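Some notes on the structure that comes next.
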Amino acid sequence: GESVGLHLPTLSVQEGDNSIINCAYSNSASDYFIWYKQESGKGPQFIIDIRSNMDKRQGQRVTVLLNKTVKHLSLQIAATQPGDSAVYFCAESAGGYQKVTFGTGTKLQVIP
Amino acid sequence: GAVVSQHPSWVICKSGTSVKIECRSLDFQATTMFWYRQFPKQSLMLMATSNEGSKATYEQGVEKDKFLINHASLTLSTLTVTSAHPEDSSFYICSARSSHLNTDTQYFGPGTRLTVL
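As structure tokens, this is what we get:
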């Protein structure tokens, strides 16, 4: 059920600056990782993914870094824009047709 | 490509009634669909995994008799919340995984906001 008083971690960034959103995952068997963006009242939108045989992957304005040693994932957004304001979730999967488990989420606020 | 739709986008119902939510993959065939529930300011929690033509696999703590899932075709899965109660009020989101596109990527629907009075 709903947890009263639960707050998402929030990252406030000036427009034009770079954003870095971090995520720690727990399952050592996870070998596929995804970042999703969720705007208010909408479903998650796929941003970028990475497999465990890589430590970095770049997309358009976004870069995902994976550190398997410390089970850490990060999403870097270059030149952050107001349209980037949303909640960002990392997700992990043990690969193949396994289910995806979502992290707790980080709210990104872009200050114009 | 890879568009997933949900219907309805929002629904208000009385306690004790049943509500059906549809999830469709519009431009691809989805052998596997997933149903999630999301409470305000929380993450998505997987409820069940639905494979076309077979019974759904429910996560621990999710009542299969209360949340009925049917995946009768490669483009449609339905979630029926039976005998809904106010605590079932939530944002229900489905996702679909293609058998032909990137097999690991899940494409999400826009969600259905359920309010039980």
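The listed protein sequences correspond, in order, to chains A and B.
Just so it is clear: in the first sequence, position 108 is 108 by my numbering, and no numbers are missing.
In my numbering, each residue carries its 1-based index in the second sequence increased by 1000.
C-beta: ideal position from N, C-alpha, C; glycine also.
In this text, all values refer to a predicted model and were calculated from it rather than measured experimentally.
Of the choices E92/A, I111/A, V62/A and D17/A, whose alpha-carbon is the least far from that of C23/A?
-> For C23/A, the nearest C-alpha among the options comes from E92/A.
Closer than 9 Å, CB to CB, is F1034/B near chain A or not?
-> Chain A, which has a Cβ nearer than 9 Å to the Cβ of F1034/B, makes this yes.
Would DSSP call E92/A helix, strand or coil?
-> Residue state, collapsed to three classes: strand.
Among S1005/B, A1030/B and K1041/B, which one has its Cα closest to the Cα of Y88/A?
-> Closest option to Y88/A, Cα to Cα, is K1041/B.
Every unbroken beta strand (DSSP E) inside the segment 1022-1064 of chain B [3 residues or more] | Every beta strand (DSSP E) of 3 residues or more that sits fully in the segment 1022-1064 of chain B is shown, in chain order, as 1030-1038 and 1045-1051.
Do you know how far the Cα of G1016/B is from the Cα of I48/A?
-> Cα to Cα, I48/A sits roughly 41 Å from G1016/B.
Simplified DSSP state of D31/A, which is helix, strand or coil = If DSSP states are grouped into helix, strand and coil, D31/A belongs with coil.
Considering only residues of the same chain and omitting the five flanking positions on each side of I20/A, which have a CB-CB separation below 7 Å?
-> Cβ within range, chain order: S74 and Q76.
Give the residues of chain B in contact with G103/A, contact being defined as C-beta atoms less than 7 Å apart.
-> Residues of chain B passing the Cβ test: S1043.
Can a CB atom of chain B be found closer than 9 Å to the CB of P82/A?
-> Judged by the 9 Å Cβ criterion, P82/A is not in contact with chain B.
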